[in-house]
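As they're listed, the protein sequences go chains A and B. When we follow the numbering used here, the leftmost residue of the first sequence carries the number 234, and every step to the right adds one. When we follow the numbering used here, the leftmost residue of the second sequence carries the number 234, and every step to the right adds one. A virtual CB, placed ideally from N, CA and C, is assigned to each residue, including glycine.
2 protein chains.
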Amino acid sequence: MRRAPEPDTEPLWREAVGRGLRDLRRARGDRLADTAARAGMSPQYLSELERGRKDPSSEMLAAVAGALGVPVREVVRRAHADLALRAGSPSGPVMLAA
Amino acid sequence: MRRAPEPDTEPLWREAVGRGLRDLRRARGDRLADTAARAGMSPQYLSELERGRKDPSSEMLAAVAGALGVPVREVVRRAHADLALRAGSPSGPVMLAA
Chain A
234 MRRAPEPDTE PLWREAVGRG LRDLRRARGD RLADTAARAG MSPQYLSELE
284 RGRKDPSSEM LAAVAGALGV PVREVVRRAH ADLALRAGSP SGPVMLAA
Chain B
234 MRRAPEPDTE PLWREAVGRG LRDLRRARGD RLADTAARAG MSPQYLSELE
284 RGRKDPSSEM LAAVAGALGV PVREVVRRAH ADLALRAGSP SGPVMLAA
């Protein structure tokens, strides 16, 4: 069944949180394998989280945040900023420069 | 002042988001059954989300936000505010009045 069109094209939570996790990891200069090892997960799984392909459980989110040296609320703050930026205007998303 | 062990005391994402969803629903004067019906889920499942017992998928989160008349980013903003409030001070969480 086809869904009714959304009023805007807001990204999914997992996409916003994935971008936040990737940005935090890169800011540390970590490779996927570095952060994943500290978080106790595979680099493949962390990569899926960063690309917004998987919804992390709250425990996984806490593990990755811990591995990145930040509280969960910092990851949530970044995800919110990502969603707010992409919302752009009330009439829809803005195009972000690459 | 003694510094509390922060990582152990931060609430889980699903607990913070659950409180945000409950607050938004109550602010509308909705019963669980009202919001759940619009979101296409059972009142029991919505109740579990609100109590922080289940991690909502991104699709479920979008469905509940839509049923509450807000974008996902508003739910995320409230979850962040909840986590920041409970973090309270650099030395640990504050006790919230009931």
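Extent of the continuous alpha helix (DSSP H) run through glycine 253 (chain B)
Stepping through the second sequence from its first residue, residue 253 (chain B) is reached at position 20. Taken as a continuous stretch (DSSP letters only), the alpha helix (DSSP H) holding glycine 253 (chain B) covers 246-261.
CA-CA distance, methionine 274 (chain A) and glycine 285 (chain A)?
In the first sequence, the residue the question calls residue 274 (chain A) occupies position 41. In the first sequence, the residue the question calls residue 285 (chain A) occupies position 52. Methionine 274 (chain A) and glycine 285 (chain A): Cα-Cα distance of roughly 16 angstroms.
As a quick exercise: from A:Thr242, A:Val250 and A:Pro244, pick the residue whose alpha carbon is nearest that of alanine 295 (chain A).
Stepping through the first sequence from its first residue, residue 295 (chain A) is reached at position 62. Relative to the Cα of alanine 295 (chain A), the nearest Cα in the group A:Thr242, A:Val250 and A:Pro244 belongs to A:Val250.
Just to confirm the assignment, what range does the alpha helix (DSSP H) spanning aspartate 267 (chain A) have?
As a first step, residue 267 (chain A) is located in the first sequence; it is residue number 34 there, counting from the start. Residues 265-272.
Going by beta-carbon coordinates alone, are serine 280 (chain B) and leucine 257 (chain B) separated by less than 9 angstroms?
Against the second sequence, residue 280 (chain B) aligns to sequence position 47. Against the second sequence, residue 257 (chain B) aligns to sequence position 24. In terms of Cβ geometry, serine 280 (chain B) and leucine 257 (chain B) do not form a close pair [threshold 9 angstroms].
Where do the N-terminal and C-terminal ends of the alpha helix (DSSP H) with aspartate 315 (chain A) fall, by residue?
What you label residue 315 (chain A) is simply residue 82 of the first sequence in a count that begins at 1. First-last of the alpha helix (DSSP H) with aspartate 315 (chain A): 305-320.
For the alpha helix (DSSP H) containing proline 276 (chain A), name the first residue and the last one.
Here residue 276 (chain A) refers to the residue found at position 43 of the first sequence. Run containing proline 276 (chain A): 276-283, per the alpha helix (DSSP H) assignment.
For chain B, find out if any of its Cβ atoms is closer than 9 angstroms to the Cβ of arginine 247 (chain A); answer yes or no.
Position 14 of the first sequence holds residue 247 (chain A). It does: the Cβ of arginine 247 (chain A) has a partner Cβ on chain B nearer than 9 angstroms.
Residues near glutamate 283 (chain B) in its chain [Cβ-Cβ closer than 7 angstroms; skip 5 each side]:
Along the second sequence, one-based indexing puts residue 283 (chain B) at 50. Taken in chain order, the residues that qualify are Gly251, Leu254 and Arg255.
Determine the contact status of arginine 311 (chain B) and alanine 317 (chain A), defining contact as a CB-CB distance below 9 angstroms.
Your numbering for residue 311 (chain B) matches position 78 in the second sequence. Your numbering for residue 317 (chain A) matches position 84 in the first sequence. For arginine 311 (chain B) and alanine 317 (chain A), no; Cβs fall outside 9 angstroms.
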